[in-house]
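**Q**
Chains as they are written, first to last, in the working numbering: chain H, 2 to 140; chain F, 10 to 104.
1) Specify whether the region 48–65 of chain F and the region 77–92 of chain F touch according to this definition: at least 3 beta carbon pairs, one from each stretch, less than 8 Å apart.
2) Suppose the cutoff is 6 Å on Cβ atoms and the five residues either side in sequence are ignored; what does the same chain contact list for residue 69 of chain F look like?
3) Got a sec, what are the start and stop residues for the alpha helix (DSSP H) residue 84 of chain H sits in?
4) Is DSSP giving residue 63 of chain H helix, strand or coil here?
5) Give every residue of the same chain whose Cβ lies closer than 7 Å to the Cβ of residue 8 of chain H, excluding the five residues on either side of it in the sequence, and list them in chain order.
6) Apart from the five residues just before and just after residue 35 of chain H, which ones in its own chain have a Cβ nearer than 7 Å to its Cβ?
7) How would you list, in chain order, the residues of chain F whose beta-carbon sits under 9 Å from the beta-carbon of residue 108 of chain H?
8) Please identify the residue among H:29, H:38, H:31 and H:108 whose C-alpha is closest to the C-alpha of residue 49 of chain F.
9) If you pair each beta-carbon of the region 103–117 of chain H with each one of the region 42–58 of chain H, do three or more pairs fall below 8 Å?
10) Within the continuous alpha helix (DSSP H) that includes residue 35 of chain H, where are the two ends?
11) Give me the subset of the region 44–59 of chain H whose CB atoms are less than 7 Å from a CB atom of chain F, sorted by chain position.
12) Could you pull out every residue in the same chain whose Cβ sits closer than 6 Å to the Cβ of residue 100 of chain F, ignoring the five residues on either side in sequence?
13) For residue 122 of chain H, which residues in the same chain have their Cβ closer than 6 Å to its Cβ, ignoring the five residues on either side in sequence?
14) Just to confirm before moving on: does the CB-CB distance between residue 67 of chain H and residue 23 of chain H stay below 7 Å?
15) Excluding five sequence neighbours on each side, which residues of the same chain lie with their C-beta closer than 8 Å to the C-beta of residue 103 of chain F?
16) Distance check for residue 96 of chain F and residue 20 of chain H, CA to CA, integer angstroms please.
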């Protein structure tokens, strides 16, 4: 696990906790991550919003989003801590570096395709095809 | 053995006997994938507004035969919706 990975950690804090407490909690989480050798690249307080379904009989929650760079060890640690914290209703970690790499690849492929053939020709072909499909069921 | 051939359905009749309820085929322009047109490479699970348009009232994922989304983007969309459900941005089921 030597390679660098990027994660998005999102967690929902109990709506009854005060704003400064949420800040403290978020800072605590960040400290754990940096302590384990991770890097925080982005923090975002998404604020209080309604949950789509009740979690622990709570209808609202404060969302906090962190973007973390690291090996994965700090994610394990921070998830362990969040699991036992009663103030955190729900957490989820998503690995985003692979997703982004794939998106870049798609973007590159599209750029190459656009360079190879002018867009107008392709659009016309697609149009003709769709028209042919329409006529068939009518006949 | 030679019992009731009349009762059996050999499927010959069906060609002419169209009693099955079948309205006139509606002509509809083939929908283009919205994400392909907008050149979307990544569907973010946090984009609730976008995802909501692919989750009808019941909370189920809209099939692509209805929405016209291409297979590749439907996969991305489904994954994003499932992630959003996990973190309570979207419902698993609504009544």
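A virtual CB, placed ideally from N, CA and C, is assigned to each residue, including glycine. Small disclaimer: the values here were computed from a predicted structure and weren't measured.
**A** Short version:
1) Using a C-beta cut-off of 8 Å, the region 48–65 of chain F makes contact with the region 77–92 of chain F, since at least three inter-stretch Cβ pairs fall below that distance.
2) Cβ neighbours of residue 69 of chain F beyond the five flanking positions: none.
3) First-last of the alpha helix (DSSP H) with residue 84 of chain H: 74–85.
4) Three-state DSSP puts residue 63 of chain H in a strand.
5) Excluding sequence neighbours, residue 8 of chain H sits near 69, 76, 94, 95, 96 and 97.
6) Within the same chain, residue 35 of chain H has close Cβ partners 41.
7) Chain F residues near residue 108 of chain H: 48 and 50.
8) Among H:29, H:38, H:31 and H:108, the Cα nearest to that of residue 49 of chain F belongs to H:108.
9) Using a Cβ-Cβ distance cut-off of 8 Å, the region 103–117 of chain H and the region 42–58 of chain H are not in contact, since fewer than three pairs of beta carbons, one from each stretch, lie closer than that value.
10) It spans 20–36 - the alpha helix (DSSP H) in which residue 35 of chain H sits, taken as one unbroken run.
11) Within the region 44–59 of chain H, the residues whose Cβ lies closer than 7 Å to some Cβ of chain F are 52, 53, 54 and 56, listed in chain order.
12) For residue 100 of chain F, where only same-chain residues beyond five positions count, the Cβ hits under 6 Å are 68.
13) Caution applies to residue 122 of chain H, whose pLDDT of 49 falls short of 50 and renders its modelled position unreliable; the value that the coordinates give is listed next. None.
14) No, these two residues do not count as a Cβ contact at 7 Å.
15) Residues 66, 67 and 68 of the same chain have their beta carbon placed closer than 8 Å to that of residue 103 of chain F, with the five preceding and five following residues left out of the count.
16) Whole-angstrom Cα-Cα distance: 20 Å.
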